[in-house]
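A.B. asks:
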Amino acid sequence: MFKDWLMGFVTGFATTFKHLFRRPVTEQYPEYQRTLPVRSRARIILTRDPDGEERCVACYLCSAVCPVSCISMQSGQREDGRRYPRWFRINFARCIYCGFCEEACPTLAIQLTPHFETCERDVLNLVAEKENLLVNHGGKNPDYNFYRHAGVTMVGDKGTHVNEIEPVDLKSNLP
Amino acid sequence: METWIAGFILLLVKLGVALTVLLLVAAYLVWVERKLLGRMQVRYGPNRAGKFGLLQPLADLIKLVTKEDTIPGAADRTIFLLAPAVVGATAMLIFAVIPFGDRLILRGKPIPMVIADLNVALLFAIALSSLGVYGVALGGWASNSKYSLLGGIRGAAQMISYEISLGLSLAPIVMLARSFSLVDIVNAQALYPFILVQPVSFLIFFVSAVAEIKRIPFDLPEAENELIAGYHTEYSGMRFGLFFLGEYITLIVLGGLIGAFFLGGWRGPFLPPLAWFILKVLAVVFVMIWVRGTLPRLRYDQLMSLGWKVLIPAALLNIIVTGAVILVMGS
Chain A
1 MFKDWLMGFV TGFATTFKHL FRRPVTEQYP EYQRTLPVRS RARIILTRDP
51 DGEERCVACY LCSAVCPVSC ISMQSGQRED GRRYPRWFRI NFARCIYCGF
101 CEEACPTLAI QLTPHFETCE RDVLNLVAEK ENLLVNHGGK NPDYNFYRHA
151 GVTMVGDKGT HVNEIEPVDL KSNLP
Chain B
1 METWIAGFIL LLVKLGVALT VLLLVAAYLV WVERKLLGRM QVRYGPNRAG
51 KFGLLQPLAD LIKLVTKEDT IPGAADRTIF LLAPAVVGAT AMLIFAVIPF
101 GDRLILRGKP IPMVIADLNV ALLFAIALSS LGVYGVALGG WASNSKYSLL
151 GGIRGAAQMI SYEISLGLSL APIVMLARSF SLVDIVNAQA LYPFILVQPV
201 SFLIFFVSAV AEIKRIPFDL PEAENELIAG YHTEYSGMRF GLFFLGEYIT
251 LIVLGGLIGA FFLGGWRGPF LPPLAWFILK VLAVVFVMIW VRGTLPRLRY
301 DQLMSLGWKV LIPAALLNII VTGAVILVMG S
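In the order they appear, the protein sequences are chains A and B.
First residue of the first sequence? That's 1 in our numbering, and the numbers climb one at a time after it.
First residue of the second sequence? That's 1 in our numbering, and the numbers climb one at a time after it.
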């Protein structure tokens, strides 16, 4: 029993002493910045589809799902009938980076990026307008174009649309 | 008259030097401790303020001084304001009796390298460390907060309990040196340090000393995860700084005391006396930091049973054995 007690002390002290000479594992943040995973949730962007159009169709789903109500916008309509946000505003001072807006978005327009260094001296600088949010690329899904899949008048026959399966002849399915 | 004036000036010079060095070293001990603890936990520790974080104590000082000095509305103002000073002052006063070098001969006159060579220096040191309890207990009580009060009560109970073993463990040293004066005790270790003949006494004194300055594993009075900060929860700014500084000055002082009682004080081969003194203090301080990096906090009942059921009986037994040996050897 005494031996256990003593060995407990000795091994403990030996371990901490050995650790004195080990290389610290701390990452020195401002000098060393590790690349974060692509799906890290930080600053929000509005992406464009491969044709260079805004993906956002101002459906207000992100604004509705936002638990802290930090997203606001005003919808508008182009001459060709496509909807777009007249203005789009995210208050990053209030955003909790939950990613619900990204999940709610039907057109993959709103996306979260790994860019987390968003500190500002003035809190008003954290309110981002559409021109601050809009980027010139497709984010995580560069090839996706919502209007190829939905929201367009059908041309051609059934089953000819992008990713659409040929209609099944019901009668051929009979036993 | 002239010798009186010369002696007074000499005393002032020694006081000034000792105080400056003590405060500086205490401030840098915080840095050393944070650095060593960091490395023991495979971290860097402070490394931003200046090279290797060497300006960290200065940054901390500026922060503490410029912070608001808040006093809780329900606190007992006078006692609340005085309590930190008690901790700081008692810690610094003990250093007065610790010899930090051999006597210097200046213009044919011996200058003792100790601020005050009291003939009851050992009792003086123990008495002052008892007075330190007042700072903790009154600070905790005057804050009028439940965490502070609990911390203060724990501190008082712990420090009073461990003072007994602290004092008893020194009795064999007094028996060997036949003096209460620290200068005489160091002189008595001219041939060998007392740790060789009194290892049990050394262990008891070391454990009690760690408990006396409320460091891990005996940091129940300020247990962060139960009591926020214990008796200094309500303190802010430099008043908190005084508690903090007092703790580190006590650390140095205890290093000096352990050095003087067991490790032969400033005595040692090759190096000058002052270097040996500093080395011994630093060695003790390192071990205390090492203990902090290794051991978890004791439970309250473990603390009390270690003090009363292990250390005090062991210290008493040690006194009897030492007395018997001295009697038999008849020296």
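Heads up, the beta-carbon is just placed ideally off N, CA and C, and yes, glycines get one too.
Since the model is a prediction, treat every value here as computed from it, not as a measurement.
By a C-beta neighbour count over all protein chains shown, 10 Å radius and 16 as the cutoff for buried, is B:Gln56 buried or exposed?
C.D. replies: buried
A.B. asks: Pick out the complete alpha helix (DSSP H) segments inside the segment 35-107 of chain B, 4 residues or longer, and give them in chain order.
C.D. replies: Listed in chain order, they are 56-66 and 77-94.
A.B. asks: In chain A, which residues lie less than 8 Å from B:Tyr44 when you measure between Cβ atoms?
C.D. replies: Pro24, Thr26 and Gln28
A.B. asks: Using the beta-carbon of each residue, which ones in chain B are nearer than 9 Å to A:His19?
C.D. replies: Taking the beta carbon of A:His19 as reference, the chain B residues within 9 Å of it are Arg39, Met40, Gln41, Val42 and Gly293, listed in sequence order.
A.B. asks: Among B:Phe240, B:Tyr248 and B:Ala324, which has the Cα closest to the Cα of B:Arg34?
C.D. replies: B:Tyr248
A.B. asks: Keeping to the same chain, check which residues put their C-beta closer than 8 Å to that of B:Phe95; ignore five residues upstream and five downstream.
C.D. replies: Within the same chain, Cβ atoms closer than 8 Å to the Cβ of B:Phe95 are found at Ala18, Leu22, Ile115, Ile249, Ile252, Val253 and Gly256, the five residues on either side in sequence being excluded.
A.B. asks: Let me see if you follow: with CB-CB separation under 7 Å, is A:Thr11 close to chain B or not?
C.D. replies: no
A.B. asks: Could you please give the first and the last residue of the uninterrupted beta strand (DSSP E) stretch that includes A:Asn91?
C.D. replies: Arg83 to Asn91
A.B. asks: List, in order along the chain, the chain A residues whose C-beta lies closer than 8 Å to that of B:Trp290?
C.D. replies: Phe13, Thr16 and Phe17
A.B. asks: What residues match up with A:Glu54 in a beta bridge as DSSP calls it?
C.D. replies: A:Arg48
A.B. asks: With H, G and I counted as helix, E and B as strand and the rest as coil, what does DSSP make of B:Pro110?
C.D. replies: Collapsing the DSSP output to three states places B:Pro110 in a strand.
A.B. asks: Taking the CB atoms as reference points, tell me whether A:Val68 and A:Arg94 lie closer together than 7 Å.
C.D. replies: When the beta-carbon positions are compared, A:Val68 and A:Arg94 come within less than 7 Å of each other.
A.B. asks: When DSSP builds the beta bridges, which residues end up paired with A:Ile71?
C.D. replies: Per DSSP, A:Ile90.
A.B. asks: Going by the beta-carbon positions, is the gap between A:Val127 and A:Asn91 smaller than 7 Å?
C.D. replies: yes
A.B. asks: Please report the straight-line C-alpha distance between B:Gly135 and A:Glu102, rounded to a whole angstrom.
C.D. replies: 57 Å
A.B. asks: Roughly how many whole angstroms lie between the Cα atoms of B:Arg267 and A:Pro30?
C.D. replies: So the alpha carbons of these two residues sit roughly 48 Å apart.
A.B. asks: Which one of A:Pro114, A:Ala150, A:Cys119 and A:Asn125 has the shortest CA to CA distance from A:Thr35?
C.D. replies: For the set A:Pro114, A:Ala150, A:Cys119 and A:Asn125, the Cα lying nearest the Cα of A:Thr35 is the one of A:Pro114.
A.B. asks: Can you tell me whether B:Asn318 is buried or exposed, with buried defined as 16 or more other CB within 10 angstroms of its CB?
C.D. replies: buried
A.B. asks: What does A:Ala128 pair with, by DSSP beta-bridge criteria?
C.D. replies: Residue pairing of A:Ala128 in beta bridges, as defined by DSSP: A:Ile90.
A.B. asks: Hey, how far is the Cα of B:Arg103 from the Cα of B:Phe8?
C.D. replies: Going by the C-alpha atoms only, they are around 17 Å apart.
A.B. asks: Alpha carbons only, please: which of B:Thr66, B:Thr20, B:Gly293 and B:Phe270 is nearest the one belonging to B:Pro217?
C.D. replies: B:Gly293
A.B. asks: Which word fits B:Pro296, buried or exposed, when buried means at least 16 other C-beta atoms lie within 10 angstroms of its C-beta?
C.D. replies: exposed
A.B. asks: Could you check which residue in B:Val291, B:Met92, B:Ile71 and B:Pro221 has the C-alpha nearest to that of A:Val10?
C.D. replies: B:Val291
A.B. asks: The alpha helix (DSSP H) with A:Gln111 in it runs from where to where?
C.D. replies: No alpha helix (DSSP H) holds A:Gln111; the beta strand (DSSP E) holding it covers Ile110 to Leu112.
A.B. asks: Could you spell out the range, first to last residue, of the alpha helix (DSSP H) harbouring B:Asp301?
C.D. replies: Unbroken alpha helix (DSSP H) run through B:Asp301: Tyr300 to Ser305.
A.B. asks: Measure the alpha-carbon distance for A:Ala104 versus A:Asp122 and round it to whole angstroms.
C.D. replies: Going by the C-alpha atoms only, they are around 30 Å apart.
A.B. asks: Helix, strand or coil for A:Gly76, going by three-state DSSP, please let me know.
C.D. replies: strand
A.B. asks: Indicate the three-state DSSP secondary structure (helix, strand or coil) for A:Leu134 in the structure shown.
C.D. replies: When secondary structure is reduced to three states using DSSP, A:Leu134 falls in the strand class.
A.B. asks: Does A:Glu120 pass the burial test, meaning 16 or more other C-beta atoms within 10 Å, or should it be called exposed?
C.D. replies: exposed
A.B. asks: Return the chain-ordered list of same chain residues with a C-beta closer than 7 Å to the C-beta of B:Ala85, the five sequence neighbours on each side being excluded.
C.D. replies: Leu242
A.B. asks: Assuming B:Gly132 contacts B:Thr90 (C-beta within less than 8 Å), just tell me the rounded distance between them.
C.D. replies: 4 Å
A.B. asks: What is the DSSP secondary structure of B:Thr20, reduced to helix, strand or coil?
C.D. replies: helix
A.B. asks: Quick one: Cα of A:Arg48 to Cα of A:Arg148, how far?
C.D. replies: Going from the Cα of A:Arg48 to the Cα of A:Arg148 covers about 14 Å.
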